[in-house]
Amino acid sequence: MADFLGMMKQAAQLQSKMQEMQDALANVEVEGISGGGLVAVRMTAKMDVKGIKIDPSLMKAEEREVLEDLLVTALGDARRKAETAVQEKMQSLTGGLGLPPGLSGLFGQ
Numbered sequence: 014m015a016d017f018l019g020m021m022k023q024a025a026q027l028q029s030k031m032q033e034m035q036d037a038l039a040n041v042e043v044e045g046i047s048g049g050g051l052v053a054v055r056m057t058a059k060m061d062v063k064g065i066k067i068d069p070s071l072m073k074a075e076e077r078e079v080l081e082d083l084l085v086t087a088l089g090d091a092r093r094k095a096e097t098a099v100q101e102k103m104q105s106l107t108g109g110l111g112l113p114p115g116l117s118g119l120f121g122q
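Under our numbering, the first residue of the sequence shown carries the number 14, and numbering increases by one thereafter.
Quick look at the structure:
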């Protein structure tokens, strides 16, 4: 019975820490860059885009396709960095709870 109560306590702690982490992720910002810095995208770890910077040299009609490609690349770069930030937060969250390896892996996805 004591094991069950301990597991319930851990589950409650995990739920509380998960909510704290979700709140914290809204404040974690990453920047995706493409074209050697010609295009930059800022987003939160919750995938909310906060800003886009475009070098003025790309603001020409003949550069439209290049700009579109660079935006896609920068957004992808920012998304990958945001996902990495989420995984790092999840590992720090589940690492201290003593969860079985298989279970803590579920929370890292």
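Backbone N, C-alpha and C define an ideal beta-carbon position, used for all residues, glycine too.
Checklist entry - Is the region 50–62 close to the region 74–85, with three or more CB pairs under 8 Å? => result yes
Checklist entry - How many Å lie between Q32 and S47 at the Cα? => result Cα atoms of Q32 and S47: separation of roughly 33 Å, rounded to the nearest angstrom.
Next on the checklist: Can you tell me where the beta strand (DSSP E) holding K63 begins and where it ends?
Outcome noted: V62 to I67
Checklist entry - Using CA coordinates, which residue listed in L18, E44, K30 and L27 is at the minimum distance from A95? => result For the residues L18, E44, K30 and L27, the minimum Cα distance to A95 belongs to E44.
Checklist entry - If you draw a straight line from the alpha carbon of Q23 to that of D36, how long is it in whole angstroms? => result 20 Å
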